[in-house]
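S.K.: Starting off with a structure, shown below.
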Amino acid sequence: MFDSLAVILGTTLMYSTPLIFTALGGVISENSGVINIGLEGMMVLGAFVAAAVGYYLGNPWIAFLAAGLAGGFLGLLHAIACVSFQANQIVSGIAINFLGPGLAIFLSRIFFDGATTTLSIDLNNKMPRPLNSVFSSDSFFYYFLGNRYATVFLAFILVFLLWFILNKTKLGLRIKSVGEHPRAAETLGINVYKVRYFSVIFSGVFSGFGGAAMSLAIVSNFRPTLISGHGFIALAAMIFGKWKPQGAMLACLLFGFSQGLAIYLGQFDLNISSQILSMIPYLLTLVILIGFVGRSRCPAADGIPYKRR
3 MFDSLAVILG
13 TTLMYSTPLI
23 FTALGGVISE
33 NSGVINIGLE
43 GMMVLGAFVA
53 AAVGYYLGNP
63 WIAFLAAGLA
73 GGFLGLLHAI
83 ACVSFQANQI
93 VSGIAINFLG
103 PGLAIFLSRI
113 FFDGATTTLS
123 IDLNNKMPRP
133 LNSVFSSDSF
143 FYYFLGNRYA
153 TVFLAFILVF
163 LLWFILNKTK
173 LGLRIKSVGE
183 HPRAAETLGI
193 NVYKVRYFSV
203 IFSGVFSGFG
213 GAAMSLAIVS
223 NFRPTLISGH
233 GFIALAAMIF
243 GKWKPQGAML
253 ACLLFGFSQG
263 LAIYLGQFDL
273 NISSQILSMI
283 PYLLTLVILI
293 GFVGRSRCPA
303 ADGIPYKRR
């Protein structure tokens with residue numbers, strides 16, 4: 003029983019990690035007042051860049067950082083459109099969601115002889131498992147924590163760091179003040195444009211990390227269907243988490259747990275179709291979040307372009 007529980011909890015951590023990275027990207031962008039529904043596109047490009055760099059260089063950490071830079075590049079484009087040119091943030095986000103996968107497939111065809119699926123990264127060059135040798139290979143903690151990749155621990159560290167930055171630092175207070183009332187923030191000497199640029203670019207970086215967590219840890223390559231809506235799930239998790247790092251993390255863990263449960267149940271001959279089992283994460287997450295999450299309010303200036311007078 004404990005082994006089964008450890009497997010489900012370990013799978014929960016594995017599948018919720020990419021969502022946590024990406025949801026944190028949404029948190030920092032929307033706290034500054036810029037809606038970012040382009041998380042999916044940023045995540046896809048990050049997943050491709052991580053897989054490609056990981057394959058050619060064989061270094062997972064360089065690949066992980068390169069994925070963040072790729073996501074940050076799309077974040078920069080989103081910031082230029084939404085902050086400098088006051089474009090509609092939803093339309094810009096949709097454009098990013100087309101641009102990210104398009105770029106990923108285009109580059110994949112160039113670097114992998116016309117293929118849209120990258121070659122597999124050598125297993126020795128995947129993300130390391132820092133606690134792999136700490137626990138006995140047949141213990142509860144091995145299946146729960148010891149078998150987890152470094153990206154899992156990084157995601158939780160990032161949750162704490164973002165919470166600390168938003169709530170305990172001058173930068174965090176500036177981000178939230180710009181998201182609540184940019185005009186008042188400007189009168190206090192805060193550069194609204196600079197703060198929003200910073201936040202949107204880092205939302206792309208975090209989303210790129212989310213994509214890398216998929217292609218460097220969960221699998222070892224990139225394919226066009228790898229992300230398949232996880233960016234939108236992370237966006238929903240951010241909203242259900244009430245635009246807070248810890249709330250977004252809990253929502254992502256809930257989805258990860260549902261997915262872990264579905265995979266565990268799939269091992270048994272339950273006479274239930276695989277299609278229904280694959281629906282469990284989405285249905286369970288939806289029911290619990292609708293039933294137990296209370297009223298939430300987004301930052302007051304979220305989605306409202308700011309123009310300096």
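Just so we're aligned, residue 3 is where the sequence shown starts under this note's numbering, counting upward by one. Virtual Cβ for every residue (Gly too), placed ideally from N, Cα, C.
In this structure, how does DSSP classify TRP63 when only helix, strand and coil are distinguished?
M.R.: It is helical.
S.K.: Let me check understanding here. Comparing Cα to Cα, which of THR189, ILE220 and LEU263 lies closest to TYR151?
M.R.: Comparing Cα-Cα distances from TYR151 to each of THR189, ILE220 and LEU263, the minimum goes to ILE220.
S.K.: Consider the Cβ of PHE23: report whether some Cβ of chain D lies at a distance smaller than 8 Å.
M.R.: Of the protein chains in this structure there is only one, and it is not chain D.
S.K.: Output the distance between the C-alpha atoms of SER319 and ILE82, rounded to the nearest integer angstrom.
M.R.: With the chain running from 3 to 311 in the structure shown, residue 319 is simply not present.
S.K.: Counting beta carbon pairs with one atom in the segment 100 to 112 and one in the segment 47 to 58, are three or more of them shorter than 8 Å?
M.R.: These segments touch.
S.K.: How is LEU190 classed by DSSP in three states: helix, strand or coil?
M.R.: Reduced to three states, the DSSP call for LEU190 is coil.
S.K.: By how many angstroms is the C-alpha of ALA239 removed from the C-alpha of HIS232?
M.R.: Between HIS232 and ALA239, the C-alpha separation is close to 10 Å.
S.K.: In this structure, does DSSP put ASP140 in helix, strand or coil?
M.R.: Looking at ASP140 - three-state DSSP - the assignment turns out to be coil, as it is neither helix nor strand.
S.K.: With burial defined as no fewer than 16 other Cβ atoms inside 10 Å of the residue's Cβ, what is the status of SER298: buried or exposed?
M.R.: Burial call: exposed.
S.K.: How would you write the range of the alpha helix (DSSP H) that GLN91 sits in, first residue to last?
M.R.: Counting along the chain, the alpha helix (DSSP H) containing GLN91 begins and ends at 91 to 113.
S.K.: From the DSSP output, in three-state form, read off ILE229 for me.
M.R.: Coil, per DSSP.
S.K.: Between which two residues does the alpha helix (DSSP H) harbouring TYR17 extend?
M.R.: Segment 4 to 33, the alpha helix (DSSP H) holding TYR17.
S.K.: For ASN90 and ASN223, I'd like the C-alpha separation in whole angstroms.
M.R.: Their backbone Cα atoms lie some 34 Å apart in a straight line.
S.K.: Just mark LYS128 as buried or exposed, buried being the case when its beta carbon has 16 or more other beta carbons within 10 Å.
M.R.: It is buried - the Cβ of LYS128 has at least 16 other Cβ atoms within 10 Å.
S.K.: Can you tell me which of GLY268, PHE146, PHE234 and ARG310 puts its alpha carbon nearest to the alpha carbon of GLY27?
M.R.: Minimum Cα distance to GLY27 is reached at PHE234.
S.K.: If you draw a straight line from the alpha carbon of LEU168 to that of VAL161, how long is it in whole angstroms?
M.R.: Using only the alpha carbons, I get a separation of about 11 Å.
S.K.: Closer than 6 Å by C-beta to PHE146: which residues in its own chain qualify, once you throw out the five before and the five after it? Chain order, please.
M.R.: Correct list, in chain order: ALA8, LEU11 and GLY12.
S.K.: Between ASN99 and SER138, what straight-line distance do the alpha-carbon atoms span, to the nearest angstrom?
M.R.: Approximately 43 Å between the Cα atoms of the pair.
S.K.: I need the DSSP call for TRP245, collapsed to helix, strand or coil.
M.R.: Coil, per DSSP.
S.K.: Thinking C-beta only, is GLY212 closer than 8 Å to THR24?
M.R.: Yes, the pair counts as a contact, with Cβ atoms nearer than the cut-off.
S.K.: Report the residue ranges of all alpha helix (DSSP H) runs contained in full by the segment 156 to 186; include only those spanning at least 4 residues, in chain order.
M.R.: List check, alpha helix (DSSP H) in window: 172 to 182.
S.K.: For VAL393, does the three-state DSSP call read helix, strand or coil?
M.R.: With the chain represented from 3 up to 311, any question about residue 393 goes unanswered, as that position is not in the structure.
S.K.: Between LEU279 and PHE259, what straight-line distance do the alpha-carbon atoms span, to the nearest angstrom?
M.R.: Distance between the alpha carbons of LEU279 and PHE259: 13 Å.
S.K.: Near THR119, which residues of its chain fall below 6 Å by C-beta distance, leaving aside the five closest residues on each side in sequence?
M.R.: Only ARG225 meet the Cβ criterion.
S.K.: Between the alpha carbons of PHE270 and LEU286, how many angstroms are there, rounded?
M.R.: Looking at the two C-alpha atoms, the distance is approximately 20 Å.
S.K.: Using a Cβ-Cβ cut-off of 7 Å (strictly less than) and excluding sequence neighbours within five positions of TYR144, which residues of its own chain qualify?
M.R.: Answer for TYR144: PHE137 and SER138, listed in chain order.
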